[in-house]
Structures are given as C-alpha cells and as structure tokens.
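If you're matching them up, the sequences are chains Z and X in order.
Its first residue numbered 382, the first sequence is counted upward by one per residue in this note's numbering.
Its first residue numbered 382, the second sequence is counted upward by one per residue in this note's numbering.
The beta carbon of each residue, even a glycine, is placed where N, CA and C say it ideally should be.
Because the structure is a prediction, the values reported are computed rather than measured.
There are 2 protein chains.
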Amino acid sequence: MIEGCARHGIRGISPWRDQVAQMGLKEAVKSINSHGLTVTGLCRGGFFTAKNWRDDNRRAIEEAHALGAQCLVLVVGGLAEGSKDLISSRERAREGIATILPEARKAVGVAVDVYHVWWDPKLEQQIRRAGKRILAYHICDWLVPTRDLLNDRGMMGDGVIDLPRIRGWVEGAGYSGFHEVEIFSELDWWQRDPDEVLRVCKERYERCT
Amino acid sequence: MIEGCARHGIRGISPWRDQVAQMGLKEAVKSINSHGLTVTGLCRGGFFTAKNWRDDNRRAIEEAHALGAQCLVLVVGGLAEGSKDLISSRERAREGIATILPEARKAVGVAVDVYHVWWDPKLEQQIRRAGKRILAYHICDWLVPTRDLLNDRGMMGDGVIDLPRIRGWVEGAGYSGFHEVEIFSELDWWQRDPDEVLRVCKERYERCT
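Right, here's the structure in full:
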C-alpha cells in the first residue's frame with residue numbers, strides 16, 4: 382500500500398496500528414520515509430472502554446511519534462458492556478482523553494469524518510466553531526441503501542454526501558491539510574485490486590469532492 | 382390485530398394506511414370502535430418528495446378524521462431522487478407541513494420515537510422544549526449489532542436504549558398519552574406468531590420501559 386500510494390502520486394498515508402505491527406514499526410517508518418509519504422495520522426487510539434486502555438494509548442502515542450504522524454486518531458469507544466448509560470459513556474471519553482493528553486505532548490483536535498457528520502443540520506456551524514482545531518478531514522460517501530452499518534461506506538460520488546459543500550466549509554474554517562480517503566467496504570472495495578482502488582480514489586477525489 | 386389488541390388488554394392502536402385500505406376504511410372504523418380501542422395515531426402521511434403528496438396527505442387527513450385518530454404521523458421524506466441538498470430537503474418538509482396544516486384542523490406536534498432520538502446528547506433538553514407539543518411516544522429498542530438499517534428494530538429490553546430514563550423525560554414534559562410499540566423487524570418479530578408478539582410486548586412494556 383505504501384508503494385502503491387507513492388506510485389499513484391498520493392503523498393500521504395494514515396496507517397492502522399495493526400498493519401504497522403504486522404510490518405514492524407521500524408520497517409514501517411523506514412518504508413514510509415523512503416517513499417516520501419507524509420503520515421497524516423495514525424489510526425486508532427482511544428477505546429476507553431477496554432481494560433488496558435491506558436497502556437494501549439501510551440503505546441499508540443509512542444508509535445505515532447515514531448512515525449512522525451500529524452495526529453493520533455481516537456475512536457473513543459461506545460457503551461460499556463451491559464450498560465445503557467450514554468451520559469457516563471461520554472464522560473468516560475472526556476476523562477480518557479484528559480488522562481492521555483499530557484503524554485501526547487500535542488493539543489486535542491477534531492477529525493471531521495464526513496461519514497459521521499454529513500447529515501447534521503448544524504454541521505456548517507460546528508465546523509466553523511472547530512476552526513483551527515480541525516486536524517484531519519476524512520472522506521468517503523454514504524450509500525443508499527446502506528447494507529451494513531459499519532463496513533458499507535461508499536466511494537466518493539457513489540452516495541448522497543454533498544462533498545464539495547462540506548469541503549468548502551472545512552477549508553473556509555482554515556483547514557489546509559490532507560484529505561484522507563477512508564472507505565470501509567467489505568462488500569465492494571476491499572474485494573477489488575488495491576491498485577484499481579487507488580486509481581479510482583484519485584479520479585473521484587478530483588471529480589467529486 | 383384489532384381483535385388481538387383487545388384480547389391482550391391493549392387499549393389503543395395506531396394503524397397503517399395500507400392495512401386500513403386493505404380492510405376498507407368503514408370496516409376498520411367499525412371494528413376498532415366495536416373493540417373499544419383508542420386510535421392513538423394514523424401512520425403515515427408526509428412523504429413530501431412524492432409527486433402526489435398534496436392529494437395523498439389530503440386523503441390521509443380524511444382517513445385520520447374518520448378513524449378518530451389522535452394524530453396523523455408524518456414521515457416527511459428524505460432527499461429528492463438524485464439530490465444531495467439536505468438544506469432544501471428540510472425546507473421542503475417545512476413547506477409541506479405548512480401547506481397541509483390548514484386542512485388538518487389540528488396543531489403540529491412531535492412524535493418522540495426512541496429509535497430515532499435515543500443517542501442524542503440533547504434529548505432531555507429537546508423533550509423539555511417540546512413539552513405539551515408531544516403528541517405520541519413510540520418505543521422499541523436499538524439492537525447491537527443492527528443487521529438492517531430499516532427493519533431490525535428490537536423488542537424493548539433487547540437493546541441498548543435506556544427506556545425508563547427517556548420515559549421519565551417524556552412524562553416529565555407533561556405527556557400522559559399512550560406508549561406505542563413500533564417494531565419493524567423483518568428478521569425476527571414479523572416472523573413470529575402475532576399473539577406471541579403481543580404477549581411479549583405487554584410483558585416487556587411492564588418490565589423494561
């Protein structure tokens with residue numbers, strides 16, 4: 382994938398920790414550097430409902446530093462097993478971030494992932510509010526119908542998200558970083574030749590976003 | 382179903398228009414009245430993206446009056462075919478409601494359907510704001526994992542919605558009407574004996590809501 386990005390003129394990458402581990406951290410750093418890619422982010426820390434969340438986030442921060450990642454993307458975790466208490470669940474996320482923040486030696490910011498926020502009537506206003514704290518912009522599309530709640534994200538242009546509009550808001554808020562394509566697609570894109578996927582990503586990025 | 386509700390001591394019903402049409406409006410009115418059921422609502426008007434929305438909503442309002450329904454539940458429709466413009470889509474819903482309202486000879490109100498709102502960080506505040514305008518309270522549960530985005534609603538108690546908490550908010554806002562069980566469940570409850578479904582609904586309503 383690293384080599385593929387470089388070959389297609391994609392100048393950044395946001396690796397997942399399991400894939401970095403599989404490759405070996407040192408080897409990943411070496412390969413990414415030698416291909417001249419920017420590490421836009423490391424996916425994913427957070428998961429504050431897991432038992433070992435402190436140690437795991439500590440390791441994630443170290444890996445992010447080793448990779449020279451511009452940020453560590455947090456997925457904070459949802460309801461604890463057996464719980465229905467959303468309020469304390471949100472509180473746990475806040476506390477978790479506060480706990481690991483000193484070790485990160487970075488500020489907390491916002492990743493705008495269109496898949497999660499495209500429908501929000503207050504999206505424009507919230508993007509403006511986030512302003513300079515926007516650290517990442519993740520794009521894909523929302524398919525109609527969506528066949529799987531987690532892994533049926535669409536390629537830009539294949540769904541109903543008004544990507545140019547949201548891009549305008551994000552850039553208007555002062556964000557000038559990379560646009561990261563993130564398409565969980567068990568039923569389609571993950572089954573295709575990675576080289577074709579990268580080619581379509583580039584083409585759609587230019588035409589549909 | 383009318384007879385089943387009466388037999389299980391369920392004192393209200395919110396019929397769907399297609400089922401009323403199948404039975405015949407007069408016959409439905411007669412049967413519901415003879416079993417002493419309150420018509421808590423008629424499902425569903427709205428769909429302002431459809432070509433014939435004016436006439437269809439006019440008919441829905443007439444049917445609701447004929448049934449003595451306490452309200453007509455509107456599903457306002459989403460994006461128009463081929464459109465990605467959420468803002469004008471919301472505007473269309475507002476205009477559609479404003480257009481049909483004079484014919485309804487009723488006020489606009491809010492149906493609190495837990496399936497749509499359970500996750501909202503501002504739910505308590507918004508329920509308080511809706512106050513006396515709450516006309517219906519729809520309950521079911523959110524299953525984890527959800528296998529279908531539309532028709533995999535859960536029976537109360539089988540998912541992660543904190544139903545007693547939301548009920549407290551709704552009652553605290555002054556709502557004292559019926560609690561309507563609405564479970565779209567292609568994969569489970571629609572396959573079971575309707576008599577069993579009604580029995581479980583009652584039991585779960587008393588134990589889990």
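Legend entry - Alpha-carbon spacing of R510/Z relative to V498/Z, whole angstroms: The residue you call residue 510/Z lines up with position 129 of the first sequence. The residue you call residue 498/Z lines up with position 117 of the first sequence. Approximately 14 Å, taken between the alpha carbons.
Inset, instruction - Might you give, ordered along the chain, the residues of its own chain that have their beta carbon closer than 6 Å to the beta carbon of L460/Z, omitting 5 neighbours on each side? - result: Looking up residue 460/Z in the first sequence gives position 79. Excluding residues within five positions, the ones whose Cβ falls inside 6 Å are S470.
Legend entry - CA-to-CA distance, V495/Z to E472/X, given in whole angstroms: As a working note, residue 472/X is residue 91 in the second sequence. As a working note, residue 495/Z is residue 114 in the first sequence. Whole-angstrom Cα-Cα distance: 22 Å.
Legend entry - H497/Z, enclosing beta strand (DSSP E) - first and last residue: Position 116 of the first sequence, counting from 1, holds the residue named residue 497/Z. From DSSP, H497/Z is part of no beta strand (DSSP E) but of the alpha helix (DSSP H) over V495 to V498.
Inset, instruction - Scan the region 473-518 of chain Z and note each continuous beta strand (DSSP E) run of 3 residues or more that stays entirely inside, going in chain order. - result: 491-494
Inset, instruction - Would you please verify whether the beta carbon of L530/X is less than 7 Å from any beta carbon of chain Z? - result: In the second sequence, the residue the question calls residue 530/X occupies position 149. Yes - at least one Cβ of chain Z is within 7 Å of the one on L530/X.
Inset, instruction - With a threshold of 16 other CB atoms inside 10 Å of the CB of P483/Z, please say whether the residue is buried or exposed. - result: Indexing the first sequence from 1 puts residue 483/Z at position 102. P483/Z comes out exposed.
Inset, instruction - Taking W550/Z as the query, report the chain X residues whose CB atoms sit under 7 Å from its CB, ordered along the chain. - result: For this step, residue 550/Z is matched to residue 169 along the first sequence. The premise fails here: W550/Z is roughly 12 Å from chain X at the closest Cβ pair, so nothing lies under 7 Å.
Legend entry - For L448/X, the first and last residue of its enclosing alpha helix (DSSP H): The count along the second sequence starts at 1 and reaches residue 448/X at position 67. First-last of the alpha helix (DSSP H) with L448/X: W434 to L448.
Legend entry - Secondary structure of A394/Z, DSSP reduced to three states: Translated into positions along the first sequence, residue 394/Z becomes position 13. Going by the sequence as given, residue 394/Z is Ile instead of Ala. Strand.
Inset, instruction - Count the other CB atoms, across all protein chains shown, that sit within 10 Å of the CB of N433/X; report buried if there are 16 or more and exposed otherwise. - result: Against the second sequence, residue 433/X aligns to sequence position 52. Classification for N433/X: exposed.
Legend entry - Under 7 Å between C-beta atoms of P575/Z and G393/Z: Your numbering for residue 575/Z matches position 194 in the first sequence. Your numbering for residue 393/Z matches position 12 in the first sequence. Contact: no.
Legend entry - W571/Z classed as buried or exposed, judged by whether at least 16 other C-beta atoms fall within 10 angstroms: Position 190 of the first sequence holds residue 571/Z. Classification of W571/Z: exposed, given that the 10 Å Cβ count is below 16.
Legend entry - Cβ contact (3+ pairs, closer than 8 Å) linking the region 441-459 of chain Z and the region 533-545 of chain Z: no
Legend entry - Exposure label - R388/X; buried when at least 16 CB within 10 Å: For the purposes of this step, residue 388/X is taken as residue 7 along the second sequence, with counting starting at 1. Label assigned to R388/X: exposed.
Inset, instruction - Take the Cβ of V456/X as the centre, count every other Cβ of all protein chains shown within 10 Å, and call the residue buried at 16 or more, exposed below. - result: Residue numbering aside, residue 456/X sits at position 75 when the second sequence is read from its first letter. By the 10 Å Cβ count, V456/X comes out exposed.
Inset, instruction - Could you name the residues of chain X that K465/Z contacts, counting a contact when the two beta carbons are closer than 7 Å? - result: One-based indexing of the first sequence puts residue 465/Z at position 84. Result: V541, I542 and D543.
Inset, instruction - Compute the Euclidean distance between the alpha carbons of P463/Z and I564/X, then round it to the nearest angstrom. - result: As a first step, residue 463/Z must be located in the first sequence, where it is residue number 82. As a first step, residue 564/X must be located in the second sequence, where it is residue number 183. Note that residue 463/Z corresponds to Gly in the displayed sequence, not to Pro. One C-alpha to the other measures close to 22 Å.
Legend entry - Contact check, I520/Z vs H560/Z, beta carbons under 7 Å: Working through the first sequence from its first residue, we reach residue 520/Z at position 139. Working through the first sequence from its first residue, we reach residue 560/Z at position 179. Result yes, Cβ atoms of I520/Z and H560/Z sit closer than 7 Å.
Legend entry - Pairwise C-alpha distance: D399/X and R425/X: As a working note, residue 425/X is residue 44 in the second sequence. As a working note, residue 399/X is residue 18 in the second sequence. Answer to the nearest angstrom: the Cα atoms are 9 Å apart.
Inset, instruction - Can you check DSSP and say which residues form a bridge with T419/Z? - result: Mapped onto the first sequence, residue 419/Z falls at position 38. Paired residues: G393/Z.
Inset, instruction - Quick one: residues in its chain with C-beta nearer than 8 Å to the C-beta of L448/Z, no 5 flanking neighbours on either side, listed in chain order? - result: Mapped onto the first sequence, residue 448/Z falls at position 67. So the list reads P396, V401, L406, A409, V410, I413, V420 and L423, once near-sequence residues are dropped.
Inset, instruction - On a CA-only basis, which of V454/Z, G555/Z, R475/Z and N438/Z is nearest R514/Z? Give me that one, please. - result: By 1-based counting over the first sequence, the position of residue 514/Z is 133. Looking at the Cα atoms, G555/Z is the closest of the given residues.
Inset, instruction - Compare the Cα-Cα distances from R534/X to each of L568/X, V551/X and L579/X and report the closest residue. - result: Within the second sequence, the letter at position 153 stands for residue 534/X. Nearest C-alpha to R534/X: L568/X.
Inset, instruction - Rank Q451/Z, C582/Z and L418/Z by C-alpha distance to the C-alpha of V491/Z and give the top, closest one. - result: Within the first sequence, numbered from 1, the residue matching residue 491/Z stands at position 110. That would be Q451/Z, whose Cα lies nearest to the Cα of V491/Z.
Inset, instruction - State yes or no: is the beta carbon of L460/X nearer than 7 Å to at least one beta carbon in chain Z? - result: Stepping through the second sequence from its first residue, residue 460/X is reached at position 79. Yes - at least one Cβ of chain Z is within 7 Å of the one on L460/X.
Inset, instruction - Just confirm the distance between the C-beta atoms of Y586/Z and V562/Z, as a whole number of angstroms; I'd bet it's less than 8 Å. - result: Against the first sequence, residue 586/Z aligns to sequence position 205. Against the first sequence, residue 562/Z aligns to sequence position 181. So it is a contact: roughly 7 Å between Cβ atoms.
Inset, instruction - For A488/X, count neighbouring C-beta atoms within 10 Å of its own C-beta (all shown protein chains included) and say buried if the count is 16 or more, exposed if not. - result: The residue labelled residue 488/X in the question sits at position 107 within the second sequence. So A488/X counts as exposed.
Inset, instruction - Sort out for me which residues DSSP pairs C424/Z with in a bridge. - result: Walking along the first sequence from the start, residue 424/Z turns up at place 43. Paired residues: W397/Z and V454/Z.
Legend entry - Short CB-CB distance (under 7 Å) between T590/X and chain Z: The sequence position of residue 590/X within the second sequence is 209, counting from 1. Not closer than 7 Å to any Cβ of chain Z, the Cβ of T590/X fails to qualify, so no.
Inset, instruction - Kindly indicate if chain X contains any beta-carbon less than 7 Å away from that of T527/Z. - result: Position 146 of the first sequence, counted from the first residue, corresponds to residue 527/Z. Chain X, which has a Cβ nearer than 7 Å to the Cβ of T527/Z, makes this yes.
Legend entry - Cross-chain neighbours of R471/Z in chain X, by beta carbon under 9 Å: Your numbering for residue 471/Z matches position 90 in the first sequence. Correct list: P502.
Legend entry - Local Cβ density within 10 Å of A431/Z, reported as buried at 16 or more and exposed below that: Translated into the one-based positions of the first sequence, residue 431/Z becomes position 50. It is exposed - the Cβ of A431/Z has fewer than 16 other Cβ atoms within 10 Å.
Inset, instruction - Given a cut-off of 7 Å, decide if N438/X and I481/X are closer than it, judged by their beta-carbon atoms. - result: For the purposes of this step, residue 481/X is taken as the residue at position 100 of the second sequence. For the purposes of this step, residue 438/X is taken as the residue at position 57 of the second sequence. Yes, the Cβ-Cβ distance between I481/X and N438/X is below 7 Å.
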